[in-house]
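Engineer: Residue numbers (my numbering), protein chains in the order written: chain A, 404 to 517; chain B, 38 to 213.
Ideal Cβ positions, reconstructed from N, Cα and C, are used throughout, including at glycine.
1) For residue 168(B), count neighbouring C-beta atoms within 10 Å of its own C-beta (all shown protein chains included) and say buried if the count is 16 or more, exposed if not.
2) Which residue or residues does DSSP assign as beta-bridge partners of residue 105(B)?
3) List, from N- to C-terminal side, the alpha helix (DSSP H) runs of 4 residues or more that fit wholly inside the stretch 425-455 of chain A.
4) Return the residues of the stretch 172-183 of chain B that lie within a Cβ-Cβ distance of less than 9 Å from chain A, sorted by chain order.
5) What span of residues does the alpha helix (DSSP H) with residue 127(B) cover, start to end?
6) Counting only the same chain and skipping the five closest in sequence on each side, list residues whose C-beta sits under 8 Å from that of residue 518(A).
7) What whole-angstrom Cβ distance do residue 210(B) and residue 125(B) have, given they're in contact under 8 Å?
8) Among the residues of its own chain, which have a CB less than 6 Å from the CB of residue 517(A), if the five just before and after it don't count?
9) Tell me, please, which residues DSSP counts as bridged to residue 53(B).
10) At the level of alpha carbons, what is the spacing between residue 107(B) and residue 97(B)?
11) Is the stretch 66-78 of chain B touching the stretch 88-102 of chain B, taking contact as three or more C-beta pairs under 8 Å?
12) Using only CA atoms, which one of 117(B), 162(B) and 95(B) lies nearest to residue 190(B)?
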């Protein structure tokens with residue numbers, strides 16, 4: 404499974420997001436290739452469609468796509484809306500877990516890859 | 038350079054979301070005055086927003102006053118414009134002034150770098166606490182250290198806060 408963790412170092416939440424991602428992958432028993440990508444300029448943020456730090460894409464899909472769509476690309480901290488409606492600078496473990504499970508399910512359905 | 042504990046408050050006069058201007062001298066009766074650098078768009082601000090407002094409401098009748106200041110460059114972050122500040126203050130019924138620091142001079146004079154970033158002054162307007170509101174932006178139920186509340190309680194009790202400095206947690210102030 405391919406996972407991208409895009410971050411901007413000025414926003415302090417990416418280390419915790421990375422820890423949550425690692426923990427979920429371990430709990431789910433999923434092996435993934437994680438690319439940690441630093442986004443450092445406004446131009447790069449626009450080019451990547453980076454809605455804020457941290458952004459996690461599992462198998463190319465944002466873990467909270469509706470949030471990504473509502474945020475213009477730029478160097479900023481990202482706002483997540485958690486399951487209970489609270490705003491947070493971090494995605495919840497459950498949010499990450501749902502994305503990982505969905506991608507794992509799709510991989511299973513598509514069968515072994517050559 | 039950031040204000041240090043024992044430094045005196047630096048005065049300002051800034052435009053409030055209600056169209057008036059506010060300066061700390063007009064809040065002279067406050068036994069404790071918290072100047073908090075703030076904004077609209079930052080998720081750390083959003084995460085702490087209800088907690089900070091609840092704290093102000095709880096302590097308002099005990100002579101505690103918060104003043105929020107937004108110094109972000111609204112050209113880069115339109116969500117932090119004066120009009121958007123007005124909208125946010127109305128939507129959340131902010132119980133405190135929410136001021137715009139268009140020139141960014143106030144943030145620079147305080148040495149503020151993040152939103153939110155708290156500067157709590159005592160009755161003599163000496164800085165007694167600087168840093169984060171508490172130790173967990175992400176989860177109010179997981180808070181173990183209520184820095185701002187504890188510092189206010191200490192000041193109201195005539196004591197020095199046990200913790201006078203913590204690292205502000207939040208978004209960087211968006212400079213021009």
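Structural biologist: With the structure as the only source:
1) buried
2) 73(B) and 135(B)
3) 445-451
4) 174, 175, 176 and 177
5) 119-128
6) Look at the range of chain A in this structure, 404 to 517, and you will see that residue 518(A) is not part of it.
7) Going by Cβ atoms, the distance from residue 210(B) to residue 125(B) rounds to 17 Å, so no, they are not a contact pair.
8) Because residue 517(A) sits at a pLDDT of 44, beneath the cut-off of 50, its placement in the model cannot be relied upon, and the point is left open.
9) 136(B)
10) 21 Å
11) yes
12) 95(B)
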